[in-house]
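Quick notes on the structure that follows.
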Amino acid sequence: DRRFPVCRICGVAAQEYSAMVRAILDDFRNNKRDRVPVWMEKNGKPFLVTYMAVRDKKGNYLGTVEVVQDMQFAKEHFEQ
3 DRRFPVCRIC GVAAQEYSAM VRAILDDFRN NKRDRVPVWM EKNGKPFLVT YMAVRDKKGN
63 YLGTVEVVQD MQFAKEHFEQ
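To convert, count from 1 in the sequence shown and add 2; that's the numbering used here.
Below, the structure written as structure tokens:
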């Protein structure tokens, strides 16, 4: 069982969307949501940033995982 230090604002999207990220984290802490996808563009490239609540077996909030996916391949696919 490995736990990472608390990070209030982390990752690519969080720097630009810190108020939104704080609201997402509050929702996770208050059991309002477990997963939030956010589409963004950076340097002309599309990204899908997914925030996911990490909970223990009892449903207690432990932290958040942020996954950043470069979606340029999808943009190129649909432009064809």
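For glycine and all other residues, C-beta sits at the position ideal for the given N, C-alpha and C.
Worksheet entry | 4-residue-minimum alpha helix (DSSP H) runs that sit fully inside the segment 37-67, ordered along the chain | none
Fill in: Asp-3 versus Arg-35 - alpha carbon distance
As a first step, residue 3 must be located in the sequence shown, where it is residue number 1. As a first step, residue 35 must be located in the sequence shown, where it is residue number 33. Reliability of the predicted coordinates at Asp-3 is poor, the pLDDT of 49 falling under 50, and no value is obtained from them.
Practice prompt. Check whether the Cβ atoms of Leu-27 and Thr-52 lie closer than 8 Å to each other.
Written response: Numbered from its first residue, the sequence shown carries residue 27 at position 25. Numbered from its first residue, the sequence shown carries residue 52 at position 50. Cβ distance not < 8 Å, so Leu-27 and Thr-52 don't count as in contact.
Worksheet item: Under three-state DSSP, which class holds Gln-74?
Response: The sequence position of residue 74 within the sequence shown is 72, counting from 1. In this structure, Gln-74 counts as helix in the three-state DSSP scheme.
Worksheet item: In chain order, what residues of the same chain lie with their CB nearer than 6 Å to the CB of Met-54, ignoring the 5 residues before and after it?
Response: Position 52 of the sequence shown, counted from the first residue, corresponds to residue 54. Arg-37, Val-67, listed in sequence order.
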